[in-house]
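Input: a single structure, listed below in structure tokens.
Number of protein chains: 2
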Amino acid sequence: MKDQDLQLLAGNSVLEHLPDNARQYLLKEALELDMPSGTTLFRQGEDARFLHLVLEGRVALVGSSDSKDETVVEFFHDGDVFIMPAVILELPYLMSARTVEDSRILLIPAARFRECMEQEPALSLAASHELARHWRLLIRQVKDLKLRSAPQRLGSYLLSLSDTDGDRAEIELPEQRGMLARRLGMTPENLSRAFSRLQSSGVKSRGRQIELSDIPTLRKFCAYDDLT
Amino acid sequence: MKDQDLQLLAGNSVLEHLPDNARQYLLKEALELDMPSGTTLFRQGEDARFLHLVLEGRVALVGSSDSKDETVVEFFHDGDVFIMPAVILELPYLMSARTVEDSRILLIPAARFRECMEQEPALSLAASHELARHWRLLIRQVKDLKLRSAPQRLGSYLLSLSDTDGDRAEIELPEQRGMLARRLGMTPENLSRAFSRLQSSGVKSRGRQIELSDIPTLRKFCAYDDLT
DNA sequence: CGGCTTATTGACATACGTCAACTATTGTGG
DNA sequence: CCACAATAGTTGACGTATGTCAATAAGCCG
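Top to bottom, those sequences are chains X and E. Every position in the first sequence, counted from 1, becomes a number in the working numbering once 229 is added. Every position in the second sequence, counted from 1, becomes a number in the working numbering once 229 is added.
Quick look at the structure:
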């Protein structure tokens, strides 16, 4: 494994508090995979065999009902661990995972991760924190879907990317628009229209580059409170 | 505390693997509250001061945007612990909590719960499992909201209540219809209409009593797969 | 520069929300 | 136990947000 990867792991929110030898043991049988964009890592319904960690690139968790309709539940990127709940509970994945960029993924065998959680209090504690964070992200998403319109959801998303106290910001969309639309619970067509609607709140978009020129107005439009 | 309460706690998924003395320590400063239906336990935005446990009754987690619109994210009943993520992370609540029946609630001081999590590996392990389960419930809800129509969501909910392999079932709605509508992401009016639409799939409702006379057809209509 | 994918725009369809009137259910005090 | 008020649920008419389909335009890559 590369040096920079080991560094990434050492700084990872789940693994950082593990004693070195425990971390080595955990990663002993881990696999590193190189996958082009668009690769399916696993499918909804399969048994959880690995805990996944993104070394590099970008992955989407994709939910499907009758395999015709699909939605993106969340994106993960460098340093993110995903699909821990299925691994912990030894249950089938509730979603599929697909790379949306060329990516390198670390696969940690599920049984070994569970074993380490039982041996190492530091790991189960860190896992609780990580799961708690993820739970809160999902709560935000549920509230978004139930309480806000499509343009408001887009605006909130842009604000969450900007992460500034100032009145203006330049940001870059990390996702393709089609994928972003699915993540936000709308169609690509409607995402376009949502962008138009936000123009009057100071949102200008040229390709991936987005300019927010009036953040206070945008916050108001989105009913964006930081904790929500 | 009543005997039956201690029994409930002993069988609780988070507390059951705790050694007796640790559980006693955890609960030492816990408060037991009796609240009529409709009481607000805490409000979105407040700091998380207590881990909550339902001894008896029923509680709704209510999310609001501009305090005008509200939605129900989840219900909890006897034996359920809720709001653990905010307690673990020492962050403000993302939602308010309101009793929807006369209820008795146990309040466990947040600091003490965190302390016990650090001392007792059994607790952090149990917490991970609980959080993982809750995460998966939310994932289901997100997929529901994004991929299914209102009648399908209602149908899926009814199927999840019926919990049978047979072709028919009688069930009783545990919630008031208005609350249920908000939990399912629709208006009360639309819930009524959703019930009508499900008649052709063998759903008959008289008050709280629901009869599912053709479960296979209903499953099909809802695109209901057990793992989703 | 072409050819592919991805994004936009417009016309149209539909599911869902809103409002208002009505009906049923529940709870309370005489 | 009834009568009545209050609350909760239903129904219809209507408006609106969002999805769908098709055509066009814009990026992206060989």
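Ideal placement from N, C-alpha and C gives every residue a C-beta, glycine not left out.
Can you tell me where the alpha helix (DSSP H) holding X/Arg333 begins and where it ends? The residue given as residue 333 of chain X occupies position 104 in the first sequence. No alpha helix (DSSP H) holds X/Arg333; the beta strand (DSSP E) holding it covers 332-338.
Indicate the three-state DSSP secondary structure (helix, strand or coil) for X/Asp263 in the structure shown. Stepping through the first sequence from its first residue, residue 263 of chain X is reached at position 34. Correct three-state label for X/Asp263: strand.
DSSP-derived helix/strand/coil call for X/Leu320: In the first sequence, residue 320 of chain X corresponds to position 91, counting from 1. Reduced to three states, the DSSP call for X/Leu320 is coil.
Within chain X, partners of E/Gln438 - CB distance below 7 Å: For the purposes of this step, residue 438 of chain E is taken as the residue at position 209 of the second sequence. By Cβ distance, chain X contributes nothing, its closest Cβ being about 28 Å from E/Gln438, past 7 Å.
Status (buried if at least 16 other CB within 10 Å, exposed otherwise) for E/Ser325: Numbered from 1 along the second sequence, position 96 holds the residue referred to as residue 325 of chain E. By the Cβ neighbour-count rule, E/Ser325 is buried, with 16 or more other Cβ atoms within 10 Å of its own.
Using DSSP bridges, identify the partner residues of X/Gly292. Within the first sequence, residue 292 of chain X is the residue found at index 63, counting from 1. In the DSSP output, where bridge partners are listed per residue, X/Gly292 has X/Thr300.
Chain X contact residues for E/Ala361, given Cβ-Cβ distances below 9 Å: One-based indexing of the second sequence puts residue 361 of chain E at position 132. Chain X residues near E/Ala361: Met313, Pro314, Ala315, Val316, Ile317, Leu318, Leu320, Ala356, Leu360.
Under 8 Å between C-beta atoms, does E/Arg448 make it to chain X? Residue mapping note: residue 448 of chain E aligns to position 219 of the second sequence, counting from 1. So no, E/Arg448 is outside the interface.
At 3 residues or longer, and completely inside the region 388-444 of chain E: list those beta strand (DSSP E) runs for me, N to C. Fully enclosed beta strand (DSSP E) runs of 3 or longer: 398-401, 432-435, 438-441.
Using a Cβ-Cβ cut-off of 8 Å (strictly less than) and excluding sequence neighbours within five positions of X/Glu275, which residues of its own chain qualify? Translated into positions along the first sequence, residue 275 of chain X becomes position 46. Closer than 8 Å at the Cβ level, and outside the excluded window around X/Glu275, lie Pro321, Tyr322.
Indicate whether E/Val291 and E/Ser332 have their beta-carbon atoms separated by less than 8 Å. Locating residue 291 of chain E in the second sequence gives position 62, counting from the first residue. Locating residue 332 of chain E in the second sequence gives position 103, counting from the first residue. No. Outside cutoff.
With a threshold of 16 other CB atoms inside 10 Å of the CB of E/Leu260, please say whether the residue is buried or exposed. In the second sequence, the residue the question calls residue 260 of chain E occupies position 31. E/Leu260 is exposed by the Cβ-count criterion.
Which value, in whole angstroms, describes the spacing of the CA atoms of E/Leu282 and E/Gly267? On the second sequence, position 53 is the one that residue 282 of chain E refers to. On the second sequence, position 38 is the one that residue 267 of chain E refers to. When rounded, the distance between both Cα atoms is 17 Å.
Any 3 or more C-beta pairs closer than 8 Å across the region 231-251 of chain X and the region 306-320 of chain X: In this structure the region 231-251 of chain X lies against the region 306-320 of chain X, because at least three pairs of beta carbons, one per stretch, are closer than 8 Å.
6 Å CB neighbourhood of E/Leu262 in its chain, flanking five on each side removed: Taking the first residue of the second sequence as 1, we reach residue 262 of chain E at position 33. The answer, listed in chain order, is Ile334.
Is the Cβ-Cβ distance between E/Ile439 and E/Leu388 less than 8 Å? By 1-based counting over the second sequence, the position of residue 439 of chain E is 210. By 1-based counting over the second sequence, the position of residue 388 of chain E is 159. Taking the C-beta atoms as reference points, E/Leu388 is found no nearer than 8 Å to E/Ile439.
Look up X/Ser325 in the DSSP assignment and give the residues it is bridged to. Taking the first sequence and counting its residues from 1, the one referred to as residue 325 of chain X is at position 96. According to DSSP, X/Ser325 bridges with X/Val291.
Can you name the residues of chain X whose CB is closer than 9 Å to the CB of E/Arg333? Working through the second sequence from its first residue, we reach residue 333 of chain E at position 104. Result: empty, since nearest Cβ-Cβ is about 25 Å, beyond 9 Å.
Using a Cβ-Cβ cut-off of 8 Å, state whether E/Lys375 counts as contacting chain X. Here residue 375 of chain E refers to the residue found at position 146 when the second sequence is read from its first residue. Interface with chain X (8 Å Cβ-Cβ cutoff): E/Lys375 is included.
Using a Cβ cut-off of 9 Å, pull out every chain E residue sitting near X/Asp295, in sequence order please. Position 66 of the first sequence, counting from 1, holds the residue named residue 295 of chain X. Going along chain E in sequence order, the residues near X/Asp295 (Cβ under 9 Å) are Leu376, Ala452, Asp454.
Touching or not, the region 442-450 of chain E and the region 382-397 of chain E, by the rule of three or more beta carbon pairs under 8 Å? Enough Cβ pairs lie closer than 8 Å, so yes.
Taking the straight line between their C-alpha atoms, what separation do you get for X/Lys449 and E/Leu360? Locating residue 449 of chain X in the first sequence gives position 220, where the first residue counts as 1. Locating residue 360 of chain E in the second sequence gives position 131, where the first residue counts as 1. Between X/Lys449 and E/Leu360, the alpha-carbon positions lie close to 33 Å from each other.
Beta-carbon within less than 6 Å of X/Ala379's beta-carbon, same chain only, minus the 5 sequence neighbours each way: which residues are those? In the first sequence, residue 379 of chain X corresponds to position 150, counting from 1. When the five nearest sequence neighbours on each side are left out, the beta carbons in the same chain lying within less than 6 Å of the beta carbon of X/Ala379 are those of Met415, Asn419, Ala423, in order along the chain.
Any Cβ of chain E within less than 8 Å of the Cβ of X/Val302? For this step, residue 302 of chain X is matched to residue 73 along the first sequence. True, the Cβ-Cβ gap to chain E drops below 8 Å.
Which residue comes first and which comes last in the beta strand (DSSP E) that contains E/Leu282? Indexing the second sequence from 1 puts residue 282 of chain E at position 53. Note, E/Leu282: beta strand (DSSP E), 279-285.
Are X/Arg327 and X/Leu270 touching if we call contact CB-CB under 8 Å? Within the first sequence, the letter at position 98 stands for residue 327 of chain X. Within the first sequence, the letter at position 41 stands for residue 270 of chain X. Closer than 8 Å, so yes.
Run down chain X in chain order and give the residues with a C-beta less than 8 Å from the C-beta of E/Val310. Here residue 310 of chain E is taken as the residue at index 81 of the second sequence, counted from 1. None at all; the shortest Cβ gap to chain X is about 13 Å.
With which residues is E/Val243 paired in a DSSP beta bridge? The sequence position of residue 243 of chain E within the second sequence is 14, counting from 1. According to DSSP, residue pairing for E/Val243 in a beta bridge does not occur.
Could you give the distance in angstroms between the alpha-carbon of X/Pro338 and the alpha-carbon of E/Met264? In the first sequence, counting from the first residue as 1, residue 338 of chain X sits at position 109. In the second sequence, counting from the first residue as 1, residue 264 of chain E sits at position 35. For X/Pro338 and E/Met264, the gap between their C-alpha atoms comes out near 47 Å.
Which partner residues of E/His363 appear in the DSSP bridge assignment? Counted from its first residue, the second sequence places residue 363 of chain E at position 134. Paired residue(s): none; E/His363 is not in a bridge.
I need the straight-line Cα distance from E/Leu280 to E/Ser429, nearest angstrom please. Within the second sequence, the letter at position 51 stands for residue 280 of chain E. Within the second sequence, the letter at position 200 stands for residue 429 of chain E. Whole-angstrom Cα-Cα distance: 44 Å.
If I'm right that X/Val371 touches E/Val302 with Cβ under 8 Å, what's the distance once you round it to whole angstroms? Numbered from 1 along the first sequence, position 142 holds the residue referred to as residue 371 of chain X. Numbered from 1 along the second sequence, position 73 holds the residue referred to as residue 302 of chain E. Yes, they are in contact, since the Cβ atoms of X/Val371 and E/Val302 sit about 6 Å apart, within 8 Å.
Is the Cβ of X/Gly292 closer than 8 Å to any Cβ of chain E? As a position in the first sequence, residue 292 of chain X is number 63, starting the count at 1. Yes, contact with chain E.
Strictly below 8 Å CB to CB, what residues from chain X border E/Gly414? Here residue 414 of chain E corresponds to residue number 185 of the second sequence, with the count starting at 1. Within chain X, the residues Leu374, Lys375 have their CB atoms less than 8 Å from the CB of E/Gly414, given in chain order.
Taking the alpha-carbon positions, what's the E/Arg343 to E/Val316 distance? Position 114 of the second sequence, counted from the start, is the residue given in the question as residue 343 of chain E. Position 87 of the second sequence, counted from the start, is the residue given in the question as residue 316 of chain E. Going by the C-alpha atoms only, they are around 8 Å apart.
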